[in-house]
Each structure stands twice: as C-alpha cells, then as structure tokens.
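Enquirer:
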Amino acid sequence: LMLRPDVVAASRKRKFNIYPVETISQGIEVLTGATAGERDRSGEFPKGSVYGRVEARLREYALTRKDFGATQPQSTAQDDDT
166 LMLRPDVVAA SRKRKFNIYP VETISQGIEV LTGATAGERD RSGEFPKGSV
216 YGRVEARLRE YALTRKDFGA TQPQSTAQDD DT
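Using my numbering, you'd call the opening residue of the sequence shown number 166 and step up by one each time.
Encoded structure:
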C-alpha cells in the first residue's frame, strides 16, 4: 500500500484510519456502520440491511417506470386535425 507522507502522518495521529477489507460487502459495512446483508434461502436480503434497502429502492424505481410507461398519451384537438 503506497500512501502519501501526509496521509501516513494523519494515520499515525489517528486523524485518518485505514481498514483492511477483502470484499465490497466488508467495505460497505466499514463505511456505513450497517450490515451489508446476505440473501436468505428465499433470495431476499434482510430488510434493514444496506443491500435490502437498495433492492427495495430499485423495486420502487422499476414500479414507477412501469406505471409511467403504462399511461397512454391523451389525444388533443391538434392530433385529430392531422
């Protein structure tokens, strides 16, 4: 690991921390302080986990997009004249 001298000095003074992680999930947990989450047997993430919240938000976006695309544009008088 190559760090600038000022980063090394800050780390020694406990103003900057370096945490070893092996996976992105571990990094997420270090950065957020929350459980990243693992899928259970039914394929679901725990509701309070980072991945569970992300998946729930993505589902909301997908439903919003689906609902938005389901509406048909209304005909206007100008459309009828063509």
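Glycine residues also receive a C-beta, built at the ideal position from the N, C-alpha and C atoms.
Report, in whole angstroms, the separation of the C-beta atoms of Gly198 and Gly217, which I expect to be a contact under 8 Å.
Expert: Sequence index remark: in the sequence shown, residue 198 carries index 33 (1-based). Sequence index remark: in the sequence shown, residue 217 carries index 52 (1-based). About 15 Å separates the Cβ atoms of Gly198 and Gly217, ruling out a contact at the 8 Å cut-off.
Enquirer: Helix, strand or coil, according to DSSP, for Ile189 in the structure here?
Expert: Taking the first residue of the sequence shown as 1, we reach residue 189 at position 24. DSSP places Ile189 in helix when its eight states are reduced to three.
Enquirer: Is DSSP giving Met194 helix, strand or coil here?
Expert: Along the sequence shown, read from residue 1 onward, the residue named residue 194 stands at position 29. The sequence as given places Glu at residue 194; Met does not occur at that position. Looking at Glu194 - three-state DSSP - the assignment turns out to be helix.
Enquirer: Taking just the CA atoms, how far does Phe210 sit from Leu168?
Expert: Working through the sequence shown from its first residue, we reach residue 168 at position 3. Working through the sequence shown from its first residue, we reach residue 210 at position 45. In a straight line, the C-alpha of Leu168 is about 36 Å away from that of Phe210.
Enquirer: Three-state secondary structure (DSSP) at Arg230?
Expert: As a working mapping, residue 230 is identified with position 65 in the sequence shown. Three-state result, Arg230: helix.
Enquirer: Assign Gly217 to one of three DSSP states: helix, strand, or coil.
Expert: Looking up residue 217 in the sequence shown gives position 52. Correct three-state label for Gly217: helix.
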